[in-house]
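Start counting at 1 in the sequence shown, then tack on 73, and there's your number in the working numbering.
We put the beta carbon where it would ideally sit given N, CA and C, even for glycine.
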Amino acid sequence: MRKTSLLIMFCLAAPLSLQACAPKQQDRETLVASESAQLNAWFEQRFEETLSRSPMSQTSLGHKTQYDKLDDISQLALDETATLQQVWLDEMRRDFDIDRLDPQTKLSFKLFEFDIEDRLASHAQSQNAYVFQHMGGPHSNLPSFMINNHKIDTIEDARAYIARLNAFPQYLKQAQDRTNTQFENGVSLPKFVYAKLSQTSRNIISGAPFENPDEASEVKDSPLWNDFKTKLAALNLPQGEYDDLAAQAEAALRGPVQTAYTSLLSMFEIHSLQATSDDGVWKLPQTENYYAAQLKHYTTTDLSADEIHQIGLDEVARIQDQMRQIMTRLNFDGDLKNFFEFLRTDPQFIYSNDAQGRDAYIQDATQIINDMANRLDDLFITKPKADVRVKRVEAFREDTAFGAFYDPPALDGSRPGTYYINLKDVAEQPKYLQQALAYHEGIPGHHMQIALAMELADLPKFRTFGRHTAYIEGWALYAESVPAELGLYTDPYSEFGRLSMEIFRAARLVVDTGIHSKKWTRKQAVQYYLDNIPNPEGDIRAEIDRYIVWPGQATAYKIGMLKIQALRMKAEETLGENFNIAEFHDVILANGSMPLEILEQLVDDWIDTQETD
């Protein structure tokens, strides 16, 4: 460790009196301030170095540096990143003394250490991590990135867009090479996934300019072609300049982009011929270590698959008891399964499956979020400045996208936070779930937490962009219950909807571990959901397919929520009348994302402070 005080070194060697050698309080404070400032500057250097290696992250943050470049996602680049992270971890431990840091910087030290160790552990198991899967992957994330993040404000921006289109083959080939290597080593997706990958890929290169219209029909623009033309038209360029840039984009789409996706489609077809219908990661090489690593990464705990499975079973039973109480209030004649079927089939819970119904859903969801935003002062101290919008998932990825998800705002304020809702089939988004879902994805859920973290000016940037799934999803699930304290759930069905969302996440603990640890089949997992939760069957099947390709991730929600609830209960019981809910929420939110163990330490410290005050 760096020795920043010659006085301390001298005192260790010379037999002087304790009083003579003891640094004055002012000297100690100066030492701590200096060491903390140096480490915070070091954190910023590491963040900027990381950002410099990712042109796409720069764009997502609203920067236009390296605007014509895509990321290097080759195996070599990933290995280099892991090596660099190990160097940084060793350097921090060697050059900085955690005992000479102020409390906030000491917390940053612990978080940086945890994050790097977690990334290195994930990298060590990455050979089993699917590069492509139907919930995301380079084939769909790349066009989505271009559409949602690459702005065209100038001619130079348009040229950068075209340059990125021309770079599609290199980017997608890097992912393809990693996938082929995995396949050669016995790692393949379940057979059913390949058709989904192929469909999404075909959607990208369907329509104009890939297809020419004939006299009898009109061909719609493909997603990227429509996006480029729309953004370019907003520049109001002279016709000649517009035509020239449009011609360059068309050539890039019909050439490099189409070639890249044709190659992917060929790979998916070849792999599908040899794939099996086994769903769990138990079929993969070194599977026990891999799934344990996945659970640790997503929950930030050491809970085993068996422990998580049992927690899920217990929570499902508890929530079902609460559901029966609401059924009694509604005078429903039947059992839970009968009530689930009633919710799935009664037309009063479904918007019309047309443009008018979809518009109504978005308008109502927006109003739900706005109503909650107007009540934040009752429960929160620190609030985000960024706006949030509700937006429909783009058509090209509706078939495989989540039912709902959140996309953070741009740092420069040019893009608000976005709550995406998949409205391909409106019946899969019933009204009784609408409030809880809006609270989860918008306010006080993901937007509240993620946008707020990004705006925390006094923290190192690696913390403001921290992404610990159990914390983030645990907060959003906890946040679904917060509006109930303000009486914002409007009727018993919406209250039941909140419980439906919670039991949905509790059942995930059972199903995810069932598939990947207990060798459940896809059919078994679907049936467990149909028997125990009220979600529509189509939604259930999509969710099961999600867990199959994203092992462990679904367990983070309920594990995180349970920890936040337990910490709140502990604070309430310890502080009694001195407990302040807004202050508690500030402790949870105003320090950025963190693993659950460190979050618990933070809350315990806050409780101790409140007791002494």
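If we call anything under 8 Å between Cβ atoms a contact, is residue i one with residue j?
i, j, result
"Gly633", "Glu546", "yes"
"Tyr512", "Tyr492", "no"
"Arg581", "Ala627", "yes"
"Gln131", "Leu124", "yes"
"Leu337", "Gln198", "no"
"Pro609", "Glu501", "yes"
"Leu245", "Thr455", "no"
"Leu112", "Leu174", "yes"
"Leu318", "Leu326", "no"
"Leu134", "Gly539", "no"
"Tyr424", "Ala438", "no"
"Asn426", "Val330", "no"
"Tyr267", "Val622", "no"
"Ser279", "Phe341", "no"
"His520", "Val461", "yes"
"Ile494", "Ile435", "yes"
"Ser181", "Arg536", "yes"
"Leu297", "Arg448", "no"
"Phe473", "Thr273", "Reading the sequence as shown, one finds Thr at residue 473 and not Phe. It is a contact, given that the beta carbons lie within the stated cut-off."
Could you tell me the distance, in whole angstroms, from the CA atom of residue i to the CA atom of residue j?
i, j, result
"Val742", "Tyr371", "Outside the shown range of the chain (74 to 686) lies residue 742, about which nothing can therefore be said."
"Asp531", "Val260", "44 Å"
"Ile277", "Thr542", "30 Å"
"Glu291", "Phe283", "13 Å"
"Leu143", "His207", "21 Å"
"Asn258", "Glu323", "38 Å"
"Ala233", "Pro503", "41 Å"
"Arg470", "Gly210", "11 Å"
"Ala28", "Leu346", "Here the chain comprises residues numbered 74 to 686, so residue 28 is not present and cannot be evaluated."
"His212", "Leu238", "13 Å"
"Tyr544", "Gln383", "21 Å"
"Ala639", "Lys591", "28 Å"
"Lys596", "Val389", "19 Å"
"Leu308", "Thr227", "7 Å"
"Ile680", "Leu669", "16 Å"
"Asp168", "Glu121", "19 Å"
"Pro565", "Asp659", "30 Å"
"Asp379", "Tyr334", "41 Å"
"Leu386", "Ala579", "8 Å"
"Ala289", "Tyr315", "Below a pLDDT of 50, predicted positions are generally treated as unreliable, and Ala289, at 47, falls in that range; no measurement from the model is reported."
"Leu525", "Gly518", "11 Å"
"Asp100", "Thr178", "18 Å"
"Leu550", "Ile343", "40 Å"
Taking all protein chains shown into account, decide if residue i is buried (16 or more other Cβ within 10 angstroms of its Cβ) or exposed.
i, result
"Ala93", "A caution first: Ala93 carries a pLDDT of 48, below 50, which makes its placement in the model unreliable, though a value can still be read off. With fewer than 16 Cβ atoms within 10 Å of its Cβ, Ala93 is classed as exposed."
"Glu568", "buried"
"Pro457", "buried"
"Asp678", "exposed"
"Gln508", "buried"
"Asp585", "buried"
"Ser692", "No answer is possible for residue 692: the residues shown for the chain start at 74 and end at 686."
"Asn443", "exposed"
"Thr254", "exposed"
"Thr563", "exposed"
"Leu262", "buried"
"Asn411", "exposed"
"Lys636", "buried"
"Gly570", "buried"
"Pro420", "exposed"
"Asn285", "exposed"
"Asp694", "Nothing in the structure corresponds to residue 694, since the chain is present only between 74 and 686."
Does the beta carbon of residue i sit closer than 8 Å to a beta carbon anywhere in chain C?
i, result
"Ile588", "Of the protein chains in the structure, only one exists, and it is not chain C."
inquiry  = Which complete alpha helix (DSSP H) runs does the stretch 236 to 319 hold, if anything under 4 residues is left out?
reply    = 241 to 257, 264 to 277 and 296 to 306
inquiry  = Please give me, in chain order, every unbroken run of the beta strand (DSSP E) with length at least 3 that falls completely inside the stretch 135 to 191.
reply    = Counting whole runs of 3 or more residues, the stretch 135 to 191 contains no beta strand (DSSP E) stretch at all.
ask   = If you scan the stretch 530 to 571 from start to end, which runs of the alpha helix (DSSP H) of 4 or more residues do you find wholly inside it?
value = 534 to 537 and 542 to 552
task = Would you check if there are 3 or more beta carbon pairs closer than 8 Å linking the stretch 650 to 665 to the stretch 404 to 423?
result = no
key: Completely contained beta strand (DSSP E) runs for the stretch 446 to 507, where each covers 3 or more residues   = 461 to 465, 477 to 480 and 490 to 494
ask   = Do the stretch 154 to 167 and the stretch 188 to 205 touch if we need at least three Cβ pairs shorter than 8 Å?
value = Verdict: yes, contact present.
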